[in-house]
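The listed protein sequences derive, respectively, from chains D and X.
Note that my numbering has the first sequence beginning at 1164, numbered continuously upward.
Note that my numbering has the second sequence beginning at 471, numbered continuously upward.
By construction, the Cβ of each residue, glycine as well, lies at the ideal position given by its N, Cα and C atoms.
Since this is a predicted model, take the numbers as computed values, not measurements.
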Amino acid sequence: MLEVSKLCVDYGTTRVIDDVSFTLARDEILTLVGPTACGKTTILHAIAGLVPIAAGEIRLGRWQASASAAIPPEQRNTGMVFQDFALFPHLTVIENVGFRLKNSAQADRWLQLLGLDDLRHARPATLSGGQKQRVALARTLAHEPALVLLDEPLSNLDAALKDSLRREIREALKAAGTPAVWVTHDQEEALSVGDRLGVLHRGRLEQLADPESCFSRPASRFVASFLGEASFLPGRADGAAVATDLGAVTAAAAVNGEVDILLRPGDLSLAQTADGGNGVIVSAQYEGETWLYRVGLDAGIAVQVRTSHENQLEAGSRVIVEVNTGLPLATFERGG
Amino acid sequence: MVISLLAMLPVLVLFGLLGDSPEFFAARNLDLLADTLSLVFLTVLGALLLGVPLALLTAYVRLPWSRLWLVLLAAPLAMPSYIGAFTFYAAFGPGGEIENLFGLTTPSARGLPGAALVMTLYTYPFVLLTTRAALLSQDASLINAARTLGLSLPRSLWRVALPRAATGMAAGSLLAALYAFSDFGTPAIMGLDTFTRAIYVEYNAFGLEQAAMLSLQLLVIVGLVLFLESRISATPERPGRALAIWPRTWRKALCLAAMAPAVLLAIVLPLAIFSVWLLRDGSGGFEFSLAWNSTLASLLAACAAVALALPVAFAAVGGRLGRLLERVTYLGFGVPGIVMGTALVYIGLQAPFLYQTLGLLVFAYVLRFLPLAVGSIRSAVERLDTSLIDAARVLGAGPGEVLRRVSLPLTLRGMVAGAALVFLEAMRELPATLLLAPTGFETLATYLWRVYEAGYFGRAAVPGLMLILMSGLGLALMLSGERRSALALIEDRRE
């Protein structure tokens, strides 16, 4: 069980992690997501003891580290999977995986589980990206850490590999029964891989919840925009009912006054009209199975609409846009 | 820290010596300065005239075995110029080897022309390599544009490519000048009174104070050149593909022929002369102890240099103070060998337990060639990814275990390469060895010098060939491992 409370990290005089707190249950996977330089890797390094912390506490099992009482990394019993894999180039696969193991049972087990048996005497330089990633994971898990830290483990791999490895790593972590903190900048990965999701922005934790809540009920406009395409439609709320230019919609929480409603491209539908309608297509982007349209509404705002690939429209066409979801929608105070 | 301070020792000692020195500015010094400057000027001029066309050829013209040609053309850098001076001295002129062999009387290579010729042949690669690098960094589109605007190829090279390679040429020229200022062997053999030769003459006449003052004056000049060099910054170029010219058959032959003279004179001639002597006189008089002495002193120097370079290299990667300390150790490289020798002789006289010992000679080697070891270890340390160290520590290894199991094994190659470079340089070192070697302790290089003084050239065959072999090994070492940075390493040698 990991407990991080009121963690702060400074680089020189700049505070890069500001008052971050969270706890992790016994075999829970927490994903931390955020834009470049939001501090997500720094949190991992702080937990591993690779950077000093300025304030707060980190507690894992039997040890507890604070700004005044640092614990060296080798005494923390954490495992880390590095972005560039960090395999020792002068050692073979089995020597890497068994780096500090007295007997090789665990190393053998993980090599087998991750399908690396044939490569045990290979050098890291001869491995492909996906193989390196598996070796790095095997090395970490074979040392039986109390916590696994993954620093953008898939960012150096091909898109085709990412999907299968994402599942494989998740299964391996669950099989090991070890809690894990998984850092990524890829929002799709963030939504699919973790039991819980933390969204970081400028060193602060903006939201910490299960992935569905983060996506459909984001705590801030930043979270809303970061996790997917977002349009904000102004409206006037009276309790759960909100009146907008596109008709009445239901708010997720009761509010009053001027609000902006969060609309995902899939929440809207559009149809071409000869005349009338409520907007004009500004641009169209083909995505394979779908089209993504940017529509300028006559009311003066822009929204994004995703439709099936059969529905092909030219830029400049007049369209009628409607809200087609029955689910309650997230709202934000105007100007908030 | 201590290691860096040691590197400054020679300079401090020379200042100490100056305290009770005679007049600072003798009239003779003006002559020395004139001779030295003429040599440097002619050397730089020659290096430019030879190096720039060769740079154009090797950079832009696609020729068969271009890699081999480049290595051959750069090879003279790895050879000490006194070998060339020695063979030129013996080969040319009335009664020289060429006349003996072919009955052809050639003008003799002595004095200023001889020294400048030899010096040019062994320093043009500086200009070649720096200019070539500058030319290769230029996008071909500018030259193509000039040609579509109606300029012929030679004229567009002259007006578009070369002006932008000016900083490269300047850097190479300064390196050549530095070499010409600090080299002892060539002017000494050619009988040209430069600072380095005068220092040796003063030393032999027991004028140690005078030698110290000349050394300091030389150091000032060398410092000036180094300063100028540090001011040169390359002009940023838009990245792009360099120009490629595919010559027709007969032009190809012409281009290849243009490269031949430099290689013939700088490498083939010494090899040929030494071989002729070997065939004619046999290995007579060669004592194996010479090679053993050289090897012993160089081996000790290599081990000591690596041991001292390790902390400096790690510190240099670690932080700003470390980089400064590293810079200080580079002082030794700027100090000409003869100056280093003078300074350490003085130390030896003050501390008699050191005088005439092998230890002092090894110390001189270490001071001079420490930067080579630091450089190659540092590049290995730099490649040592910090995430590897983090990974080892997260896996539970303490700092000591990380050093033993990760850092040291990964820097081992750099250590071996550094040791080998120091070893090969020390094997060929002449001036400091002349001054510092214990009486009766002759090395390959000093033996060559004695042979020159005595005039029994034939006896130089074996040591000469061995020295050339050492140079070849040094070059091969620089080229192996990292192909790309190898030539950069050669360029750095005199920095």
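Our two residues, D:L1279 and D:R1272, have alpha carbons roughly 10 Å apart in a direct line. X:T827 sits in coil when the DSSP states are folded into three classes, being neither helix nor strand. The secondary-structure analysis by DSSP pairs D:A1414 across a beta bridge with D:L1492.
Out of X:A785, X:G802 and X:L739, the CA that lies nearest to the CA of X:V851 is found in X:A785. At least one CB of chain D lies nearer than 7 Å to the CB of X:D860. Annotated three-state conformation of D:H1364 is strand, per DSSP. In chain order, D1247 and A1249 make up the part of chain D whose C-beta sits under 8 Å from the C-beta of X:D855. Counting only the Cα atoms, X:N674 lies some 11 Å from X:Q680. Proximity of chain X to D:L1336 at the Cβ level (cut-off 9 Å) is not reached, the minimal Cβ distance being about 16 Å. The beta carbons of D:P1316 and D:P1287 sit no closer together than 7 Å. Only R863, V864, L865, G866, A867, G868, P869, E871, V872, R875, V876, P879, L880 and L882 from the stretch 863-886 of chain X bring a Cβ to less than 9 Å from some Cβ of chain D. Excluding residues up to 5 positions away in sequence, A767, T903, L906 and A907 lie with their Cβ nearer than 7 Å to the Cβ of X:L831 in the same chain.
For the stretch 1303-1315 of chain D, the set of positions with a beta-carbon nearer than 7 Å to some beta-carbon of chain X reads H1306 in chain order. In the structure shown, D:K1203 adopts helical secondary structure according to DSSP, grouped into three states.
DSSP places D:Q1435 in the uninterrupted beta strand (DSSP E) bounded by L1431 to Q1435.
Between D:P1342 and chain X, the shortest Cβ-Cβ separation is not below 7 Å.
At a cut-off of 7 Å, the C-beta of D:T1241 has a neighbouring C-beta in chain X.
Residue nearest to D:R1457 within the set D:E1166, D:R1359, D:G1429 and D:E1369 is D:G1429 (criterion: CA-CA distance). For D:E1237, at least one C-beta of chain X is nearer than 7 Å to its own C-beta. According to the DSSP assignment, X:G693 belongs to the alpha helix (DSSP H) that extends over L678 to R701. Cβ neighbours of X:L698 within its own chain (closer than 8 Å, five residues either side excluded): L644. For D:H1253, the nearest beta carbon of chain X is closer than 7 Å to its own beta carbon.
DSSP, reduced to helix, strand and coil, places D:G1242 within a strand of the structure shown. Using beta-carbon distances, D:R1384 does not count as an interface residue toward chain X, since no partner is under 7 Å. H1208, A1211, G1212 and L1213: these are the residues of the stretch 1201-1220 of chain D whose beta carbon lies less than 9 Å from some beta carbon of chain X, given in chain order.
Listed in chain order, the positions of the stretch 1262-1283 of chain D with a beta carbon within less than 7 Å of a beta carbon of chain X are F1262 and R1263. Under the three-state reduction of DSSP, D:W1454 is assigned to strand.
When DSSP assignments are scanned along the stretch 1292-1335 of chain D, the uninterrupted stretches of beta strand (DSSP E) that are 3 or more residues long and fall wholly within it turn out to be 1310-1314. Relative to D:L1170, the option among D:M1164, D:T1176, D:V1386 and D:I1206 whose CA is nearest is D:I1206.
Just measuring C-alpha positions, the residue of X:L949, X:V510, X:L543 and X:T916 sitting nearest X:P731 is X:L543. With a beta-carbon spacing of about 6 Å, X:L837 and X:M810 fall inside the 8 Å limit used to define contacts. Secondary-structure assignment with DSSP links D:D1423 through a beta bridge to D:P1397 and D:F1495.
Between the stretch 928-938 of chain X and the stretch 739-750 of chain X, the count of C-beta pairs closer than 8 Å reaches three or more; the two stretches touch. Per DSSP, reduced to three states, the secondary structure at D:R1222 is strand. Inter-residue distance for D:T1453 and X:V864 is about 45 Å (C-alpha atoms, whole angstroms). Sequence-distant Cβ neighbours of X:R711 in its own chain, meaning closer than 8 Å and more than five residues away, are D609 and A610.
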